[in-house]
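Single-structure report; data block below.
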Amino acid sequence: MESNEQKLTELRTTLRHHEYLYHVMDTPEIPDAEYDRLMRELRELEAQHPELITPDSPTQRVGAAPLASFSQIRHEVPMLSLDNVFDEESFLAFNKRVQDRLKNTDNLTYCCELKLDGLAVSILYENGLLVQAATRGDGTTGEDITSNVRTIRAIPLKLRGDNIPQRLEVRGEVFLPQAGFEKINEEARRTGGKVFANPRNAAAGSLRQLDPRITAKRPLTFFCYGVGVLEGGELPASHSARLQQFKSWGLPVSERVKLCHTPEEVLTYYRQVEEDRPKLGLISTAWSSRSIRWRCRNSLAS
């Protein structure tokens with residue numbers, strides 16, 4: 001006969017698997033109703049055996065009491081912002097500066113991604129478990145938003161796979177998809193609540209709630225794009241390979257990533273994204289039309 005502990009482990013593993021398929025791979029295998037049924041089964045079994053509840057259980061995303069205020073966290077590695085360019089001419093000038101500073105540009109490659117209009121966050125995993133999350137703040141010190149980040153289902157409480165570093169700090173963007181932003185404002189208009197001016201304010205306002213239960217009700221999601229602290233493990237040298245490694249560990253990354261080997265390919269990437277933007281369901285910023293910002297990371301080994 002299967003023990004209660006074995007059943008709990010099986011349910012948690014199954015739910016994590018389906019969260020990974022839904023949020024990272026975008027290939028769900030079961031309908032939402034079946035996921036909810038499995039979650040209810042897990043909650044009921046944990047209620048009967050509270051001594052078997054683990055911090056990384058899918059049921060433990062929401063549970064912390066409201067805070068009186070946010071505590072401060074000092075970033076072990078400064079969390080810097082990226083420079084922007086807002087038109088093709090500025091990008092070509094940037095590309096020339098890069099070429100002028102490099103002796104050999106034969107292998108110069110740009111890894112291009114969408115720059116989403118949300119809030120930059122740092123998430124620390126120790127031995128694969130989420131232990132801390134913080135805002136970028138001033139780049140040196142941010143706010144502790146661990147309890148709120150735990151409520152975002154796109155962010156794994158426990159990493160999957162092998163060769164996970166002992167300490168891994170990933171960085172990325174918490175944001176609202178277009179439909180989520182519109183849903184929040186529709187609800188606010190209906191109830192007389194606060195209507196957000198733009199998706200970034202909505203994401204920031206949703207994430208910086210003293211009560212995690214409020215954050216849990218907002219349709220926030222997350223894309224990972226970088227790393228800070230790395231101890232007791234290794235990552236690939238190139239940015240593009242790192243993104244694939246993050247994905248294998250269960251961290252969602254943008255699917256609109258492209259390696260471009262010439263400035264012309266970068267511009268083609270941008271124009272294609274601009275053309276596809278209405279169908280993406282995402283809200284991006286900058287550029288002259290306020291529709292997208294470049295996030296181009298250059299590497300000699302991408």
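Take the sequence shown: its letters are residues 1 to 302, numbered as in the UniProt record's numbering. Even for Gly, the Cβ is constructed at its ideal location relative to N, Cα and C.
Residue i, enclosing beta strand (DSSP E) - first and last residue
i: Y225; result: T221 to E231
i: G192; result: Where G192 is concerned, there is no enclosing beta strand (DSSP E), given that its DSSP letter is neither H nor E.
i: G172; result: R167 to F175
i: I73; result: Q72 to R74
Cβ-Cβ separation, residue j to residue i (assumed contact under 8 Å), whole Å
i: I123; j: V149; result: 6 Å
i: E46; j: I53; result: 5 Å
i: R171; j: D117; result: Not quite, the Cβ-Cβ distance comes to about 16 Å (not below 8 Å), so this is no contact.
i: A202; j: L176; result: 5 Å
i: L38; j: L80; result: In fact, because the Cβ distance is near 41 Å, the residues do not count as touching under 8 Å.
i: E173; j: F222; result: 7 Å
Range covered by the alpha helix (DSSP H) that runs through residue i
i: A241; result: H239 to S248
i: N104; result: Here N104 belongs to no alpha helix (DSSP H), and DSSP marks it neither H nor E.
i: P199; result: P199 to L207
i: E34; result: D32 to Q48
i: R213; result: P212 to A216
Beta bridge counterpart(s) of residue i as assigned by DSSP
i: T135; result: V121
i: residue 380; result: In this structure the chain extends from 1 to 302, so residue 380 is not present and cannot be described.
i: E143; result: Q72
i: E19; result: Note: E19 sits in no beta bridge, so no partner.
i: L130; result: Y125
i: K158; result: L129
Cβ-Cβ distance between residue i and residue j below 8 Å
i: S248; j: C111; result: no
i: V24; j: A216; result: no
i: H49; j: N4; result: yes
i: G226; j: P165; result: no
i: V253; j: F246; result: yes
i: V273; j: L114; result: yes
i: D144; j: S71; result: yes
i: A188; j: L119; result: no
i: E126; j: R167; result: yes
i: Q132; j: T146; result: yes
i: L267; j: E88; result: yes
i: V77; j: G228; result: yes
i: P58; j: R16; result: yes
CB contact check: residue i to chain C, cutoff 8 Å
i: L67; result: Annotation note: the requested chain C is absent from the structure, which comprises a single protein chain.
Report yes or no: do the region 10-28 and the region 156-166 share at least 3 C-beta pairs separated by less than 8 Å? yes
Please confirm if the region 66-75 is in contact with the region 206-218, defined as three or more CB-CB distances below 8 Å between the two stretches. yes
If you pair each beta-carbon of the region 253-265 with each one of the region 93-111, do three or more pairs fall below 8 Å? yes
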